[in-house]
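Heads up: the sequence shown begins at -3 in my numbering, then just goes up one per residue.
Quick reminder that beta carbons are idealized off the backbone N, C-alpha and C, glycines included.
Predicted model only: the values in this text are computed from it and were never measured.
Comments concern the structure below.
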Amino acid sequence: MFLLVRRWFNRRDAIFAAALYAGNPYHLVIVYWRSAFAELLASCLVPLLLLLVLKAAEEGWRVLVPLSLLLAASWLTNAPAAVMIHYSLALLVLIIAWQRRSPRVLLVGASAVALGACLSAFYLFPAIYEQKWVNIAEAISSGSRPQDNFLFIHTTDPDHDAFNRIISWVAMLEIVATLAAASGARIWRDKNRPVWTTLIRWAAVCGLLMLPETALLWNFLPKLAFMQFPWRWLLCLSMMFVIFLTLGVRRWWMRFAVCAVAILVIATAWQRIQPPWWDNVADLREMQDNMSDGIGYEGVDEYAPVGADPSTIDKDAPQVAVDGAARATIQVLHWGPEFKLFTAETSVPDQLALRLFRYPAWQVEVNGRVVETAARPDTGQMLVPLAAGMNRVQVIFVRTWDRTAGGLISILGVLAWFAFSKRRPRIESTIESQSH
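Written as structure tokens, this is what we have:
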């Protein structure tokens, strides 16, 4: 943020903008109400996105390398934020290409998206392919759907509505302050009208997408619904809030007055609507004890195997147990995250129920031979068939083909990234000569 605002104003203003952006109202909500620290980390990419797109309009293909790296970093930081950043990139390059009547910015943006996807393919490709293994549609089930999270929406969940009121008032604060500050930045607007227009249009889109009138867009645009919460667009709007406040409010006492109002809104929400920490000390201690005792934590439905219901899992279930009526002597030798080893001596052929979901990446060997496993219809627990007698069982988390393919694509992306970095001056001069 400092480098972005430094393009237009002095060092003191840039420091103010950077400090305000770090502690803007939405960031406070992220920290004290949501604990969404991956999304908070992704917020540092938003000012850099704008800075690089503005540079792309000036320098063309020279920006492809850093822009692709930023887009790859967004996928590796927080997937919903990455969706937002990519849609923001599309909007920004469209606006700037129209302003300059030049398709070059569009080509740079599209190339950066492709190269960024290749660089992050070791994560992105398996994340896309392995969605069919899990109940991914549960990510946008009731309560997490966009239509349940527009500003000032009402549902049947009081806690959900209480938080929605907090985030809605924070959004209204930032929207009103952004519009007021933007209208006050007339002198700067007259000198930098293309940039001012780009920022105000971006802010308008962010604000409109938080309203229920845009529900059709959330259902139509690819993967936009998986952002879940329309108010997540505050991640981008907060940057415009800071920029326009710095540009349009030049008096320091007025700047601090706006900051004081923002803090007052947060404090009022804290006292009147919902306290920041939903879990009390006893809840946190219970979570810690569950992890220490091996009970674990409650997962989310969207990452459970297809057909499995995590709520039906017995938290006190042993790591390995006989599924049928056979008598068995079981000894667990190792139970790690990616490798499990145990022996089981059974009186008759039977199945063992493992305290483990049956994902395709798990490979099971019984006495050195790979066997086909099954899953309980209700819980999704892995069932391992055993013959009578002593059995030595290994459960290994193997590398599936999609992860290998994703890694290879990333390697190719890195090679292309280095190749373009070295040949960039030659490519730039060729394109410039063709344009003339």
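If you follow the alpha helix (DSSP H) that ALA324 is in, where does it begin and where does it stop? Mapped onto the sequence shown, residue 324 falls at position 328. Where ALA324 is concerned, there is no enclosing alpha helix (DSSP H), although the beta strand (DSSP E) around it starts and stops at 324 to 331.
Restricting to Cα atoms, I'd like to know which of GLY303, ARG281 and HIS156 is closest to TYR293. For the purposes of this step, residue 293 is identified with residue 297 of the sequence shown, where counting begins at 1. Of the candidates GLY303, ARG281 and HIS156, the one whose C-alpha sits nearest the C-alpha of TYR293 is ARG281.
Can you look up MET168 in the DSSP assignment and give me helix, strand or coil? For the purposes of this step, residue 168 is taken as residue 172 along the sequence shown, with counting starting at 1. Helix at MET168.
Terminal residues of the continuous beta strand (DSSP E) containing ARG388? Mapped onto the sequence shown, residue 388 falls at position 392. In the DSSP annotation of this structure, the continuous segment of the beta strand (DSSP E) that includes ARG388 starts and ends at 385 to 393.
Indicate the three-state DSSP secondary structure (helix, strand or coil) for ARG2 in the structure shown. As a position in the sequence shown, residue 2 is number 6, starting the count at 1. Looking at ARG2 - three-state DSSP - the assignment turns out to be helix.
If you pair each beta-carbon of the stretch 144 to 152 with each one of the stretch 7 to 16, do three or more pairs fall below 8 Å? With a cut-off of 8 Å, the stretch 7 to 16 and the stretch 144 to 152 do not count as touching, because too few Cβ pairs lie within range.
For TRP4 and LEU41, what's the separation of their Cα atoms in angstroms? In the sequence shown, counting from the first residue as 1, residue 4 sits at position 8. In the sequence shown, counting from the first residue as 1, residue 41 sits at position 45. For TRP4 and LEU41, the distance between alpha carbons rounds to 19 Å.
Would you be able to state if there are at least three C-beta pairs under 8 Å between the stretch 69 to 82 and the stretch 115 to 124? A contact exists between the stretch 115 to 124 and the stretch 69 to 82.
Since ALA38 and ALA77 are thought to touch, with beta carbons under 8 Å apart, how far apart are those beta carbons, to the nearest angstrom? Residue 38 sits at position 42 when you count from the first residue of the sequence shown. Residue 77 sits at position 81 when you count from the first residue of the sequence shown. Yes, they are in contact, since the Cβ atoms of ALA38 and ALA77 sit about 4 Å apart, within 8 Å.
I need the boundaries of the alpha helix (DSSP H) containing GLN95, first residue and last residue. The sequence position of residue 95 within the sequence shown is 99, counting from 1. Element bounds for GLN95: 75 to 96.
Taking buried to mean at least 16 other C-beta atoms within 10 Å of its own C-beta, is MET223 buried or exposed? Looking up residue 223 in the sequence shown gives position 227. By the C-beta density criterion, MET223 is buried, having at least 16 other C-beta atoms within 10 angstroms.
Check whether the stretch 400 to 414 and the stretch 338 to 352 are in contact - that is, three or more C-beta pairs closer than 8 Å. Result no; under three Cβ-Cβ pairs closer than 8 Å.
So who's on the other strand from PRO381, going by DSSP bridges? Working through the sequence shown from its first residue, we reach residue 381 at position 385. The partner list for PRO381 (beta bridge, DSSP) reads GLN347.
In terms of alpha-carbon separation, which member of LEU48, ALA370, SER84 and GLY19 lies closest to ARG197? Taking the sequence shown and counting its residues from 1, one reaches residue 197 at position 201. Just measuring C-alpha positions, the residue of LEU48, ALA370, SER84 and GLY19 sitting nearest ARG197 is SER84.
Along the chain, where does the beta strand (DSSP E) that runs through GLN359 open and close? Here residue 359 is taken as the residue at index 363 of the sequence shown, counted from 1. Here the beta strand (DSSP E) through GLN359 covers 358 to 362.
What is the residue span of the beta strand (DSSP E) that ARG365 lies within? Sequence index remark: in the sequence shown, residue 365 carries index 369 (1-based). In the DSSP assignment, ARG365 falls within the beta strand (DSSP E) that extends over 365 to 367.
Judging by CA-CA distance, which residue of ASN188, VAL59 and LEU16 is the nearest neighbour of GLN95? Taking the first residue of the sequence shown as 1, we reach residue 95 at position 99. With distances taken between Cα atoms, GLN95 lies closest to ASN188.
Assuming LEU213 and LEU220 make a contact with CB atoms under 8 Å, what is their CB distance in whole Å? The residue given as residue 213 occupies position 217 in the sequence shown. The residue given as residue 220 occupies position 224 in the sequence shown. Their Cβ separation, rounded to whole angstroms, is 7 Å, which keeps LEU213 and LEU220 in contact under 8 Å.
I need the DSSP call for LEU337, collapsed to helix, strand or coil. Locating residue 337 in the sequence shown gives position 341, counting from the first residue. LEU337 falls in the strand class under three-state DSSP.
Please give the ranges of any alpha helix (DSSP H) in the stretch 184 to 219, keeping only runs that are unbroken, at least 4 residues long and fully inside the region. Taken in chain order, the complete alpha helix (DSSP H) segments of 4 or more residues contained in the stretch 184 to 219 are 189 to 204 and 211 to 216.
What span of residues does the beta strand (DSSP E) with ALA265 cover, start to end? Residue mapping note: residue 265 aligns to position 269 of the sequence shown, counting from 1. Run containing ALA265: none; DSSP gives neither H nor E here.
Tell me the DSSP secondary structure of PHE148 in three-state form. As a working note, residue 148 is residue 152 in the sequence shown. Coil at PHE148, not helix or strand.
What separation, rounded to the nearest whole angstrom, lies between the Cα atoms of ARG323 and GLY303? The sequence position of residue 323 within the sequence shown is 327, counting from 1. The sequence position of residue 303 within the sequence shown is 307, counting from 1. One C-alpha to the other measures close to 29 Å.
Backbone CA spacing between ARG399 and PRO356 [nearest angstrom]: To locate residue 399, count along the sequence shown from 1; it is residue 403. To locate residue 356, count along the sequence shown from 1; it is residue 360. Rounded to the nearest whole angstrom, the C-alpha separation of ARG399 and PRO356 is 13 Å.
Look at the alpha carbon of PRO272 and the alpha carbon of LEU36, and state the distance between them as a whole number of angstroms. Stepping through the sequence shown from its first residue, residue 272 is reached at position 276. Stepping through the sequence shown from its first residue, residue 36 is reached at position 40. Rounded to whole angstroms, PRO272 to LEU36 spans 16 Å at the Cα level.
Please state if the CB of ASP297 and the CB of ASP305 are separated by a distance shorter than 9 Å. Position 309 of the sequence shown, counted from the start, is the residue given in the question as residue 305. Position 301 of the sequence shown, counted from the start, is the residue given in the question as residue 297. Closer than 9 Å, so yes.
If you run the structure through DSSP and keep just helix, strand and coil, what is PHE353? Walking along the sequence shown from the start, residue 353 turns up at place 357. The answer is strand: DSSP assigns PHE353 an E or B state.
Element boundaries [alpha helix (DSSP H), containing GLN49]: Stepping through the sequence shown from its first residue, residue 49 is reached at position 53. The sequence shown places Val at residue 49, not Gln. Residues 41 to 55.
Within the chosen definition, does the stretch 358 to 377 reach the stretch 386 to 402 through at least 3 CB pairs nearer than 8 Å? Enough Cβ pairs lie closer than 8 Å, so yes.
Can you list, in chain order, the residues of its chain whose CB lies under 7 Å from that of LYS51, leaving out five sequence neighbours each side? To locate residue 51, count along the sequence shown from 1; it is residue 55. Sequence-distant Cβ neighbours of LYS51 in its own chain, meaning closer than 7 Å and more than five residues away, are VAL59.
Using the Cα positions of THR174 and LEU241, report the straight-line distance between them to the nearest angstrom. Within the sequence shown, the letter at position 178 stands for residue 174. Within the sequence shown, the letter at position 245 stands for residue 241. When the Cα atoms are used, THR174 and LEU241 turn out to be separated by approximately 7 Å.
Let me check understanding here. Comparing Cα to Cα, which of PRO226, PHE237, LEU382 and CYS255 lies closest to ALA199? As a position in the sequence shown, residue 199 is number 203, starting the count at 1. For the set PRO226, PHE237, LEU382 and CYS255, the Cα lying nearest the Cα of ALA199 is the one of PHE237.
Using CA coordinates, which residue listed in ARG354, THR325 and LEU233 is at the minimum distance from TYR299? Here residue 299 refers to the residue found at position 303 when the sequence shown is read from its first residue. The shortest Cα separation from TYR299 among ARG354, THR325 and LEU233 belongs to ARG354.
Is SER429 helix, strand or coil when you go by DSSP? Working through the sequence shown from its first residue, we reach residue 429 at position 433. Confidence at SER429 is low in this model, with a pLDDT of 49, below 50, so the placement of that residue is unreliable and no value is reported for it.
Per DSSP, THR342 is paired with what? Along the sequence shown, one-based indexing puts residue 342 at 346. Per DSSP, ALA324 and GLY385.
Since VAL49 and VAL79 should fall inside the 8 Å C-beta cutoff, what is the C-beta to C-beta distance between them, to a whole number of angstroms? Taking the first residue of the sequence shown as position 1, residue 49 is located at position 53. Taking the first residue of the sequence shown as position 1, residue 79 is located at position 83. Not really, about 17 Å apart at Cβ, beyond 8 Å.
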